[in-house]
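Worksheet for the structure shown next.
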Amino acid sequence: MNVSNRISRRSFIRNGMAGAFAAPFITRNLLAAPPSSRVVHASFGASGMAWADLTSISTAPNVAIAAIAEVDSAKLVEVRKRFPEARIYEDYRVLLEKEKIDSVNVSTPDHMHAPMGMAALQHGVNVYGQKPLTHDLYETRQLTETARSRKLVTQMGIQIHSAREYRLAVALVQAGAIGKVKEVHTWSSKEWGDNGAMPTQSDPIPAGFNWDLWLGVCQDRPFYGKGWYHPGNWRKRLDFGTGTFGDMGCHIFDPVFGALALTAPLSVKSEGAAPNQHSWATNAVIRYVFPATPYTVPGNIPITWYDGHQRPEASVKALLEGKELPDQGSILIGTDGVMVIPHVADPILLPSAKYQGFALPKIGGADHWHEFVSAVRGEGKTSAGFDYSGPLTESVLLGSVATRFPQTLLEWDSKNLRFTNVIQANTYVRKKYRAGWEIQPL
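For any residue, its number in the working numbering is found by taking its place in the sequence shown, counting from 1, and adding 937.
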């Protein structure tokens, strides 16, 4: 097992994962349909992760791509070629009113995940929602509770969750391969932040791009070209993205969250820079404290996130026996050993001498998208439904709030969705939507 044995997110998506499922689906009125029935699907978004989600879902047996909502006509060229019969809409709300669909993937910038996902759930549509599940904590809780109350099928787009490598890591931890876990360090080298100045000169809105619909629930503002917002740098901006942690935290933190059966954190503290008025910072160090679980030592467990150029301290690196840290991944320190979980490769057990000849359990992977389609048909369940991925996302988004209060311990009351010791931090639990874009209960 080699730490350098990594595959990129894009190549992982391109190459796919083994496994497919087929069975009856659940219609909008939750009545089981025959196994031969089609799953009628729509996509919110047409490029980037939307393209990956849409094309992957379309390869499941007997799926019909009925419609696509996209605000930028320049992104529709490949969609029209691949799905010529799909009806095209600019406004996802019009699509939901006019189309009778069974499922939808919400694969747009983070700020629209909640309103789009909630609108679909309220129309009785099963939702595959990209990570992070939402932009803000309150939104996450509302989507989770709405999906549960309506008994709809959901899945968050953390596709590595279904990969053999992450499943293997979870199985090893829960089998006690490294004993009880004492602490965790997890990181990403990405730098979705910006400490530069905001543009002062607005630019013409490109032809075929509906800036108003792209803004959606966010307040109106000028369009700045040169990629300040669209198509990719929105991840850096406070109103639209969730920084490096929001982008990669849901992926990399996932096997840790699942393996340890974590619940809500008790507190969070940022030791990195604060965001400026418009963009997230980079080089974060965010320290969590979680309550113990059956897979951890008694008492609370510390878990630390690092991004950009930040990494665990030398004492943690020394546990790798001279090996380089993977570019992205986690280290779990147990009472009997250490596990490195690269993103994405087989987990590594240390010290090497102790685990020489250790027989890894035979764990298979699955197709994350096909698992969703199978569950929509009524057979089986998703492994990253909102009941799991909602609490995971809440934990991640707590880190984003913490960066706004550097060197300040924030105590978290998960049940009541509030910070108890720094009242100002509650300002960032729920944002105000632009007039005309309100949707209950968001």
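Positions of the beta carbon are idealized from the N, C-alpha and C atoms, including for glycine. Small disclaimer: the values here were computed from a predicted structure and weren't measured.
If you run the structure through DSSP and keep just helix, strand and coil, what is residue i?
i, result
"R1158", "coil"
"S1207", "strand"
"N1363", "helix"
"N1170", "helix"
"L1199", "coil"
"D1283", "coil"
"E1036", "coil"
"T1330", "helix"
"S1139", "coil"
"A1321", "coil"
"D990", "helix"
"I1097", "helix"
"D1009", "strand"
"V1253", "helix"
"Q1265", "strand"
"S984", "coil"
"T921", "Here the chain has residues from 938 to 1379 only, and residue 921 is not among them."
"P1228", "coil"
Once the 5 residues before and after residue i are set aside, which same chain residues still bring their CB inside 7 angstroms of it?
i, result
"M1185", "S1125, K1127 and Q1265"
"Y1453", "An answer regarding residue 1453 cannot be provided, because it is not within the stretch 938 to 1379 covered by the chain."
"F1295", "L1286"
"A997", "A957, W1306, H1307 and V1310"
"I1376", "P1052, M1055 and A1056"
Tell me the rounded alpha-carbon separation between residue i and residue j.
i, j, result
"D1047", "R1172", "8 angstroms"
"S1216", "L1335", "17 angstroms"
"E1022", "P1143", "26 angstroms"
"I1238", "R1355", "21 angstroms"
"R1248", "R1224", "13 angstroms"
"T1179", "H1072", "7 angstroms"
"F1323", "E1082", "9 angstroms"
"W1148", "D1140", "12 angstroms"
"N1220", "G1209", "6 angstroms"
"R1087", "V1031", "22 angstroms"
"L1033", "L1329", "28 angstroms"
"D1131", "A1211", "11 angstroms"
"F962", "H1050", "Because F962 carries a pLDDT of 30, less than 50, the predicted location of this residue cannot be relied on, and the following value inherits that uncertainty. Computed Cα separation, rounded: 24 angstroms."
Only counting the same chain, and skipping five residues up and downstream in sequence, which positions put a Cβ closer than 6 angstroms to that of residue i?
i, result
"M1093", "G1066, K1068, L1070, A1321 and S1326"
"T1272", "G1116 and K1117"
"Y1370", "V1154"
"P883", "Since the displayed the chain opens at 938 and closes at 1379, residue 883 lies outside it and no answer follows."
"D1191", "I1095 and H1098"
"I1384", "Within the shown structure, residues of the chain are numbered from 938 to 1379, placing residue 1384 beyond reach of any answer."
"T1319", "Q1092, E1308, F1309 and A1312"
"R975", "N999 and A1001"
"S1351", "A1201"
Can you name, in chain order, every residue of its own chain whose Cβ lies under 8 angstroms from the Cβ of residue i, other than the five neighbours on each side?
i, result
"K1291", "G1274"
"T1193", "Note that residue 1193 corresponds to Val in the displayed sequence, not to Thr. So the qualifying residues of the chain are V1121, T1123, L1199, I1240, S1267, L1269 and I1278."
"G1164", "N1170"
"R1367", "D1073, L1074, Y1075 and E1076"
"A1112", "P1298"
"S1380", "Because the chain here runs from 938 to 1379, residue 1380 falls outside it and cannot be looked at."
Am I right that residue i and residue j are in contact with their C-beta atoms under 8 angstroms? What's the rounded C-beta distance?
i, j, result
"H1389", "H1246", "This structure cannot settle anything about residue 1389, because the visible part of the chain is limited to 938 through 1379."
"N1042", "I1095", "13 angstroms between Cβ atoms; not a contact."
"E1331", "L1074", "6 angstroms"
"H978", "A1011", "The Cβ separation is near 23 angstroms, so there is no contact."
I'd like to know if the stretch 1225 to 1235 and the stretch 1145 to 1160 are in contact, where contact means that at least 3 CB-CB pairs between them fall below 8 angstroms.
no
Cβ contact check for the stretch 1156 to 1171 and the stretch 1201 to 1209: 3 or more pairs under 8 angstroms
no
Given 8 angstroms as the limit, is there contact between the stretch 1022 to 1041 and the stretch 1052 to 1063, that is, 3 or more CB pairs closer than that?
yes
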